[in-house]
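Visitor: Handing you a structure now.
Residue numbers (the numbering used here): 619 to 712.
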């Protein structure tokens with residue numbers, strides 16, 4: 619049974635590593651962006667597209683070097699504040 623548990627642990631760890639590598643590809647990051655920013659993509663928001671083009675590669679490099687499992691989780695207040703900045707402060711600067 620110890621051998622079985624060890625084998626299962628190794629298998630799951632290798633599958634998680636593969637999935638993490640897949641999630642941090644340029645294609646998957648772009649798909650995630652399109653899912654989370656569907657309104658901006660549908661509206662063909664050039665500003666959002668330009669910001670995404672600027673941050674996509676550094677984001678990819680950062681996630682790949684740190685690893686998804688070691689990336690700190692965002693709290694809902696952080697997400698709220700980022701959305702407020704994106705939806706209120708940045709448009710007021712235009």
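Positions of the beta carbon are idealized from the N, C-alpha and C atoms, including for glycine.
Decide yes or no for the touch test of the stretch 671-682 against the stretch 630-646: beta carbon pairs closer than 8 Å, at least 3 of them.
Guide: yes
Visitor: Nearest-angstrom Cα distance between residue 706 and residue 619?
Guide: Approximately 57 Å between the Cα atoms of the pair.
Visitor: For residue 674, which option in 657, 651, 664 and 656 has the closest C-alpha, if you only look at C-alpha atoms?
Guide: 651
Visitor: In this structure, does DSSP put residue 653 in helix, strand or coil?
Guide: Residue 653 sits in a helix when the DSSP states are folded into three classes.
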